[in-house]
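K.L.:
Sharing a structure with you now.
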Amino acid sequence: MPQPIVAVIGRPNVGKSSLFNRILGRRQAIVSEVAGTTRDRLISQVQWDDYEFILVDTGGLEQDPEGSIREKVQDQAEMAMTSADVIVFMTDVTEGLTHADQMVAERLRRTEKPIILAVNKVDNESREFDASEFYRLGLGDPIPISAYHHYGIYYLMDQVISHFPPLDPFPENSDEEPDEPIPNDPGQLKLSIVGRTNVGKSMLLNAILGEERSIVSQVAGTTRDALDTSMTYGGHDITLIDTAGMRRPGQVQRGIEKYSVIRAVSAVNRSDIALLVVDATELAAAQDAHIAGLAWDVCRGLIVVVNKWDLVDRNARGVRERAVAKVRERLHFMPYVPVVFTSALESQGITALMQTALELWRERLRFVPARELQYVLADAMAAHAPPVGKGRRRHNRLNISRLRQVDVNPPTFLFTVDNPQLVHFSYQRYLENKLRTSFGFDQTHLRLIFKK
């Protein structure tokens with residue numbers, strides 16, 4: 026299932042970035058007393074009490090200098106709510122209930138999405154009493170917190186998690202195997218088209234569809250909303266999701282474009298495979314790696330689409346090999362990602378792209394019987410035993426007793442071990458490579474889980 030998206034919204038300088046850092050457990054967002062410090066997007070994957078979700082820190086909802094409060098606040102709140110599954114609405118107890126807070130609350134009350142009202146900077150009993158003023162917003166019980174002093178954070182997160190879909194834990198004591206192998210029928214495939222601005226995403230969508238479904242423009246950032254288009258290819262139902270371009274950090278403007286980036290993140294999250302479109306004349310930019318990392322974080326399939334290939338001297342010796350090498354060097358953490366060359370302007374390479382997407386989709390739905398997995402596990406451990414952990418205490422070597430596949434899309438493998446803390450990342454990578462070579466997982470992300 027797609028990971029829930031939690032957006033932190035509120036006026037400038039109410040402590041949104043401090044809360045972002047506190048939940049994340051590290052100082053990633055810049056915290057300053059200057060209002061409006063957060064100008065570019067801050068998006069990170071968070072794990073909290075066995076739940077994984079995407080946390081989004083947003084810029085402050087500001088009043089228009091000319092006094093157009095309603096239009097600015099409503100537009101930005103609308104876009105934040107469109108993408109998020111849960112919204113944390115932050116206010117400031119030291120400034121009290123403001124008119125801007127009331128304008129945001131007026132729109133929030135009409136939404137069906139869960140709203141958590143957090144009153145920040147509550148660091149003494151007097152301020153905790155003052156927090157009761159925010160009951161007037163009509164958004165339920167205000168939760169007093171202090172992001173700086175780590176007060177009330179756990180209770181706040183309990184309220185956020187209560188709105189997530191229930192976990193579907195893997196059975197730890199069950200010896201039962203699936204009654205039927207997970208079907209290999211691709212079914213409904215969702216492809217998101219992502220990439221930096223002005224790399225030809227909308228033109229690629231039109232080339233795939235063979236019609237002018239999206240506006241194609243040379244102006245970077247023309248597409249602001251994620252557009253869903255249904256189609257059939259090779260007898261398979263496919264949904265194409267075109268998204269707004271993601272700009273380099275520091276170049277995301279306030280307002281509509283900022284939240285269009287969040288929508289692009291949401292599109293990757295709800296797709297099965299992301300088509301990362303890059304410009305053939307500007308290969309493997311740093312932002313391309315950031316977008317690929319997003320797909321890797323949420324375990325989505327990824328295909329690198331080198332577009333505008335018509336602008337390159339394709340007759341030059343080794344030009345394609347050098348391009349692939351440059352992409353793989355930048356995406357070194359995903360060496361299995363397929364690379365396809367297209368020219369959306371000339372409608373070239375589209376067939377190869379769609380065939381690659383279907384091959385990757387089938388690979389992500391592949392199911393391996395437990396018996397075959399046990400044989401491969403035994404061979405892997407015989408060829409390369411797990412390393413001994415630090416210290417001289419007994420039973421300091423990892424013991425893997427069982428391996429079985431528990432899910433597809435992505436293929437998910439559950440290792441039953443005596444001590445998950447003894448799993449070294451190098452041995453985990455060794456086991457992943459063994460699964461890839463044994464069962465032909467050549468292009469997809471694999472998810473390995475180690476449980477006691």
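Mapping of the sequence shown onto the working numbering: residues 26 to 477, in sequence order. Think of the CB as a built atom: it goes at the ideal place given N, C-alpha and C, for glycine as much as any other residue.
(1) Counting pairs of Cβ atoms below 8 Å between the region 364–378 and the region 328–335, do you hit three or more?
(2) Taking the alpha-carbon positions, what's the S217 to D313 distance?
(3) What does the alpha-carbon distance come out to for the pair A130 and T437?
(4) How far does the beta strand (DSSP E) with F159 in it reach, from first residue to last?
(5) Quick one: is the Cβ of L456 within less than 6 Å of any heavy atom of the ligand FAD?
(6) Run the CB neighbour count on F114, radius 10 Å, all protein chains shown included, and call it buried at 16 or more, exposed below.
(7) Locate the beta strand (DSSP E) running through K138, then write down its first and last residues.
(8) Among A143, Y179, S151, R152, which residue has its Cα nearest to the Cα of L162?
(9) Per the DSSP calculation, D432 is bridged to which residue(s)?
(10) Kindly confirm or deny that the region 140–155 and the region 171–178 touch, where touching means at least three C-beta pairs closer than 8 Å.
(11) So what does R472 bridge to, in DSSP terms?
(12) With distances taken from CA atoms, which of V448, K477, V365, L398 is nearest T462?
(13) Can you look up M3 in the DSSP assignment and give me helix, strand or coil?
(14) What are the uninterrupted segments assigned as beta strand (DSSP E) that are 3 or more residues long and contained completely in the region 325–390, given in chain order?
(15) Determine the closest residue to Q453 out of H315, L301, A410, with distance taken between C-alpha atoms.
(16) In whole angstroms, what is the alpha-carbon distance linking V71 and I30?
(17) Near R273, what residues of its chain come up, given a Cβ to Cβ distance below 7 Å and the 5 sequence neighbours on each side ignored?
(18) If V224 sits next to D304, beta carbons under 8 Å apart, how far is it from one beta carbon to the other, in whole angstroms?
(19) Among I141, D404, G465, A299, which has the Cα closest to the Cα of P167?
(20) Could you give the first and the last residue of the continuous alpha helix (DSSP H) run that contains L214?
(21) Taking three-plus beta-carbon pairs below 8 Å as touching, is the region 44–51 in contact with the region 117–130?
(22) Quick check on F45: buried or exposed, where buried means 16 or more other Cβ atoms within 10 Å of its Cβ?
(23) By Cβ distance, which residues of its chain are closer than 6 Å to D110, with the 5 residues on each side in sequence left out?
(24) Report back the beta-carbon spacing between A232 and I375 to the nearest angstrom; my notes put them in contact at under 8 Å.
(25) Can you pull the DSSP bridge partners for T116?
(26) With H315 as the anchor, note down where its alpha helix (DSSP H) starts and where it stops.
(27) Helix, strand or coil for F45 per DSSP?
(28) Would you kindly work out how many angstroms separate the C-alpha atoms of V81 and V344, rounded to a whole number?
(29) Look up L181 in the DSSP assignment and say whether it is helix, strand or coil.
(30) Nearest to D267 by CA position, among A299, A317, I112, is which residue?
(31) Return the CA-CA distance between P360 and E150, expressed in angstroms with no decimal places.
(32) In the DSSP assignment, what are the bridge partners of T264?
(33) Look at the alpha carbon of V39 and the alpha carbon of K215, and state the distance between them as a whole number of angstroms.
(34) From C324 to S227, what does the alpha carbon distance come to, in whole angstroms?
(35) Is the distance from the Cβ of L402 to the Cβ of L428 below 7 Å?
P.N.:
To lay it out plainly:
(1) yes
(2) 15 Å
(3) 41 Å
(4) Run containing F159: none; DSSP gives neither H nor E here.
(5) As for the ligand FAD, it is missing from this structure, which has no ligand bound.
(6) buried
(7) Segment: none, K138 is in no beta strand (DSSP E) and carries neither H nor E.
(8) A143
(9) T437
(10) yes
(11) T437
(12) L398
(13) Given a span of 26 to 477 for the chain in the structure shown, any question on residue 3 remains unanswerable.
(14) 326–332, 364–366
(15) A410
(16) 10 Å
(17) Any reading at R273 must be qualified, since the residue scores a pLDDT of 48, below 50, and its modelled position is unreliable; the value itself is stated next. Once the five neighbours on either side are set aside, the close Cβ partners of R273 are Q312.
(18) 5 Å
(19) I141
(20) From DSSP, L214 is part of no alpha helix (DSSP H) but of the beta strand (DSSP E) over 214–220.
(21) no
(22) buried
(23) P29, I30
(24) 5 Å
(25) V144
(26) 311–322
(27) helix
(28) 39 Å
(29) helix
(30) A299
(31) 54 Å
(32) K215, S255
(33) 38 Å
(34) 24 Å
(35) yes
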